[in-house]
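Please read the structure below before turning to the comments.
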Amino acid sequence: MMPLTMANTGEPLTIKKVGGKEETRKFLENLGFVAGGAVTVISDIKGNVIVNVKDSRIAIGRDMAMKVMV
């Protein structure tokens with residue numbers, strides 16, 4: 001398992017765990033980051049990532065991306 005910030009661009013991955021406080025987990029869950037879900041990193045700029053989740057492109061900051069384990 002590794003944080004989303006360490007994932008290679010373009011590689012399809014499966015979300016293993018979403019960490020952080022309850023409100024952070026709920027926020028990420030509402031964006032589509034759920035355990036067992038598919039995610040692909042499209043762009044990575046200094047830890048800030050643009051990902052493809054559930055047929056949507058979402059940009060999240062480094063701190064949020066560190067809480068998503070793949």
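According to our numbering, the residues represented by the sequence shown are 1 to 70, in order. Glycine included, each C-beta is placed from N, C-alpha and C at the ideal position. Just so we're clear, the structure is a prediction, and the values are computed from it rather than from any experiment.
query = Would the beta-carbon of V53 fall within 8 Å of that of V39?
reply = yes
key: Outcome for A59 when other beta-carbon atoms lying within 10 angstroms are tallied against a minimum of 16   = exposed
Residue closest to I50, alpha-carbon to alpha-carbon, out of P3, M2 and T9 = T9
Spatial neighbours of V70 in its chain, beta-carbon cut-off 8 Å, leaving aside the 5 residues before and after = M1, M2, P3, L4, A7, L13, T14, I15, K16 and V39
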